[in-house]
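Student: Under mature numbering (1 follows the signal peptide of the UniProt record, and there is no 0), the letters of the sequence shown match residues -21 to -1, 1 to 347, in that order.
Note that CB positions come from ideal geometry on N, CA and C, so glycine has one too.
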Amino acid sequence: MSHAHRLILILAFSFLAEVKSQTCEGNGFVGGCSDIFDLTGKPVGIQDLIGSQSIAEVCEGDILAVVHDCDYRIPLYVTIQLDRTEMDTPNPGRCDSCDFRPSLHLEPSFQATDPDYDGANERKPCYERQTDGRLYRDQFWTGADPDQICLPSVEPETGTSRGHIIADSYITAGDSAKDATYHFTNCIPQYQKFNSESWNIAEQQLYPWAEVNCGSDIADPVVRDNALLHVIVGVVPSTRVGAVFNESHVAPRWFGEWGFGDKVFNATTDYNGNPPATPGAYRVNMPAAMWTAACCIGTDANANVAWVRHMAFGRHAKPIGNDEPVLELEWKDLFRKMLPELDTAGVDLFPSEALCSNPANYVSLSTH
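#1: Over the uninterrupted beta strand (DSSP E) stretch that includes Gln26, give me the two end residues.
#2: What does a CB cutoff of less than 7 Å around Arg(-16) pick up in its chain, not counting 5 residues either side in sequence?
#3: I'd like the list of long-range same chain contacts for Ala181, defined as Cβ closer than 8 Å, with 5 residues on each side in sequence excluded.
#4: Helix, strand or coil, according to DSSP, for Tyr96 in the structure here?
#5: Are the segment 234 to 244 and the segment 56 to 75 touching, with three or more C-beta to C-beta distances below 8 Å?
#6: Where do the N-terminal and C-terminal ends of the beta strand (DSSP E) with Phe234 fall, by residue?
#7: Tell me which same chain residues have a C-beta within less than 6 Å of the C-beta of Phe239, skipping the five on either side of it?
#8: Give me the Cα-Cα distance between Gly10 and Asp41, rounded to the nearest whole angstrom.
#9: Here's a check: name, in chain order, each residue in its chain whose Cβ is nearer than 7 Å to the Cβ of Leu328, leaving out the five neighbours to either side.
#10: Which value, in whole angstroms, describes the spacing of the CA atoms of Ala206 and Leu18?
#11: Which residues does DSSP pair with Met265 in a beta bridge?
#12: Got a sec? Which residues, its chain only, sit under 8 Å from Thr92 by beta carbon, not counting five neighbours each side?
#13: Quick check: the Cα distance between residue 369 and Pro71, rounded to an integer number of angstroms?
#14: Contact between the segment 173 to 190 and the segment 27 to 45 is defined here as three or more beta-carbon pairs at a separation below 8 Å; is this criterion met?
#15: In whole angstroms, what is the alpha-carbon distance linking Ile276 and Ala99?
#16: Hey, out of Ser336, Ser331 and Cys335, whose CA is closest to Phe16's CA?
#17: Where Asp204 and Val45 are concerned, what is the direct C-alpha to C-alpha distance, given to the nearest angstrom?
#18: Please classify Arg73 as buried or exposed, where buried requires at least 16 neighbouring CB atoms within 10 angstroms.
#19: Whose CA, out of Cys3, Ile53 and Ala333, lies closest to the CA of Ile167?
#20: Taking the continuous alpha helix (DSSP H) assigned at residue 357, which residues delimit it?
#21: Go ahead and pull the three-state DSSP assignment for Phe8.
#22: By Cβ distance, which residues of its chain are closer than 7 Å to Thr257, with the 5 residues on each side in sequence left out?
#23: Determine the closest residue to Val243 out of Gln26, Pro104, Lys103 and Thr110, with distance taken between C-alpha atoms.
#24: By alpha-carbon positions, which one of Asn283, Ser336 and Cys129 ends up nearest to Met290?
#25: Is Thr58 helix, strand or coil when you go by DSSP?
#26: Counting only the same chain and skipping the five closest in sequence on each side, list residues whose C-beta sits under 6 Å from that of His209.
#27: Is it true that the CB of Ile150 sits closer than 8 Å to the CB of Thr139?
#28: What are the partner residues of Cys105, as DSSP defines its beta bridges?
#29: Under 8 Å by Cβ, that's how I've got Tyr51 and Pro200 pegged, so tell me the actual separation to the nearest angstrom.
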């Protein structure tokens, strides 16, 4: 082993030791987040399914309940609950004055940072393979042939966004409320085409779906006024090799200030062949897929559940294949499809309300 590689390993292990000495601990589901799971229960089995070891529960702005993975530096899933007033309020549009920033409720080293996204719009679809420090085109993410050397000077730019988990368009109470969605605990790296095209189109169908299935279709006005829409948006980290949409060749990918790599921390060169200023140039997991599940629960004057409708959708999060449809399935089938090599039987997104998992209450996203 060369002196340079030995030095890189020493720095990397030092960085890991520093991170491990810090506590993966959020502020918990406090304040307005404390009642989000009253009707549905908190999802179970997702951390075990993904293999997460370090999890923090974070409440942002009293409206976002975040389960954040400190090792992957991304949220595994984020939950909101919308009442009748929020669902009936016209969306005021994107919060132009809001900027992504670290959460105050979680140690910064467990989150993405601004430097991770520096120049992200000009990123190339190349990743550094740690075994030899060379740059390769990515078979899963771009459809390239295996082991094809990347030539950054001729590669098209993919563009990588700071993508919301819970979209700010889901929050209708104005910029002060939308601002809660602009934390790195509600953010993952997303290819721009995925973020602005197929996934965005699916996101924009949530409210029209709710207007019917959590609104006009409910005949009893009391039940309609009491209706609550429970929305969970999550990711499948790319570290789950071979477990996304039957893609046996999906491989772990990490994202950071020097682009993409196949391992966390051990960056050896940037795209210009220079060593990174610090280890940890690839800090943030690049998710392989995203999913959304929602359940509307309406209760009568005696607080008995009188109405339930649910839906779910998911999709690859890669830059090519933009004609690939968003899958619309009931959430149990969606998880089986997205994670075919794993036992998803232990996952329950709505453990306290079985009707949110009953196929008879499923209405697809595109059925309004």
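Tutor: This is what the structure gives:
#1: That residue, Gln26, is in no beta strand (DSSP E); its alpha helix (DSSP H) goes Ile25 to Ile29.
#2: The predicted model places Arg(-16) with a pLDDT of 46, which falls under 50 and marks its position as unreliable, so this point remains unresolved.
#3: Thr271, Phe292, Arg294, Val305 and Leu344
#4: helix
#5: no
#6: Trp233 to Gly235
#7: Tyr106 and Arg232
#8: 6 Å
#9: Pro22, Ile211, Ala272 and Trp310
#10: 11 Å
#11: DSSP output for Met265 lists no bridge partner at all.
#12: Pro81, Phe163 and Arg262
#13: No information on residue 369 is available, as it lies outside the stretch -21 to 347 that the chain covers here.
#14: no
#15: 40 Å
#16: Ser331
#17: 27 Å
#18: exposed
#19: Ile53
#20: This structure cannot speak to residue 357, because the chain is shown only from -21 to 347.
#21: coil
#22: Note that Thr257 scores 49 on pLDDT, short of 50, meaning its location in the model is unreliable; the coordinates nonetheless yield the value given after this. Hits under 7 Å: none found.
#23: Thr110
#24: Ser336
#25: strand
#26: Thr19, Gln60 and Cys274
#27: no
#28: Arg116
#29: 45 Å between Cβ atoms; not a contact.
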